[in-house]
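According to full-length UniProt numbering, the sequence shown is numbered sequentially starting from 1.
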Amino acid sequence: MCRSKPVNPVSEVFIGLGGNLGDREALMAEALRRLDATPGVKVVAVSSLYETKPVGLTQQPDFLNLVAKLKTELPPYALLNTCLRVETELGRERRERWGPRTVDLDVLWCEGVAQADEKLTIPHPRMHERAFVLVPLAELAPKLKLDGVPVAELVGALGEEGSGVRKKGALFWRESKKAE
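Laid out in structure tokens, this is it:
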């Protein structure tokens, strides 16, 4: 399935960021700076930081998560490749599914794009199930609809799972020192 409008000149995109190794805040701040420095990409809003327990492999440190709103001229695969490049530059090693990581960047939603293949699915196929995505996304776009349901309603339906997402405060990513 692939249905999309031209991404150029500018589309709104939401990216999820998370990590549980190293200086988590500094790494996410640096990831945002690197995205913002990419030609054709502008970070326009960033949610608060949230701390959550790991999903899947639970014997690892807690994660910090946030959602960033971007404006971009990049087509979806170019944006995905940019995210993968930033992850690699910041020390991401893909050893095991749901394993610990320095930083993880996921393309969650892209204006006018619906596609699914082995490399990239937009909207992200599991974002409507994940409190660590929905809670920060609701901060930035409570009326955004996923499968016809506003994000704010999806957050309200989380119940006890939503209580496991702990707000940690703002990330001052433009002022942070580099994490490398």
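Where a beta carbon is used, it is the ideal one built from N, C-alpha and C, also for glycine.
Contact under 8 Å by Cβ, residue i with residue j
{"i": "THR72", "j": "LEU80", "result": "no"}
{"i": "LEU17", "j": "ASN65", "result": "yes"}
{"i": "PRO123", "j": "LEU108", "result": "yes"}
{"i": "TYR50", "j": "LYS168", "result": "yes"}
{"i": "ASP104", "j": "GLU87", "result": "yes"}
{"i": "ALA29", "j": "LEU171", "result": "yes"}
Cα-Cα separation, residue i to residue j
{"i": "CYS83", "j": "LEU120", "result": "12 Å"}
{"i": "PRO136", "j": "SER48", "result": "7 Å"}
{"i": "GLY112", "j": "PRO61", "result": "36 Å"}
{"i": "GLU89", "j": "ALA31", "result": "9 Å"}
{"i": "ASP117", "j": "TYR77", "result": "11 Å"}
{"i": "LEU140", "j": "ILE15", "result": "11 Å"}
{"i": "ASN20", "j": "VAL149", "result": "30 Å"}
{"i": "GLY40", "j": "VAL10", "result": "8 Å"}
{"i": "ARG3", "j": "ALA114", "result": "Low confidence applies here, because ARG3 scores a pLDDT of 47, under 50, leaving its location unreliable; read the following figure in that light. For ARG3 and ALA114, the distance between alpha carbons rounds to 5 Å."}
{"i": "ARG92", "j": "ARG85", "result": "10 Å"}
{"i": "TRP173", "j": "ASP147", "result": "32 Å"}
{"i": "VAL13", "j": "LYS69", "result": "6 Å"}
{"i": "residue 187", "j": "PHE132", "result": "One cannot answer for residue 187 here, as it falls past the ends of the chain, which runs 1 to 180."}
{"i": "VAL46", "j": "LYS53", "result": "21 Å"}
{"i": "VAL151", "j": "ALA138", "result": "6 Å"}
{"i": "ALA26", "j": "CYS110", "result": "26 Å"}
{"i": "LEU74", "j": "VAL44", "result": "15 Å"}
{"i": "THR102", "j": "ARG95", "result": "12 Å"}
Collapsed DSSP secondary structure at residue i in the structure displayed
{"i": "ASN20", "result": "coil"}
{"i": "GLU73", "result": "coil"}
{"i": "VAL155", "result": "helix"}
{"i": "THR102", "result": "coil"}
{"i": "LEU144", "result": "coil"}
{"i": "THR121", "result": "strand"}
{"i": "residue 183", "result": "Shown here, the chain extends from 1 to 180; a query on residue 183 therefore has no answer."}
{"i": "ALA31", "result": "helix"}
{"i": "CYS2", "result": "Because the pLDDT at CYS2 is just 47, under 50, the model does not fix this residue reliably, and the value given afterwards should be weighed accordingly. CYS2 falls in the strand class under three-state DSSP."}
{"i": "PHE132", "result": "helix"}
{"i": "THR88", "result": "helix"}
{"i": "ALA114", "result": "strand"}
{"i": "LEU64", "result": "strand"}
{"i": "LEU171", "result": "coil"}
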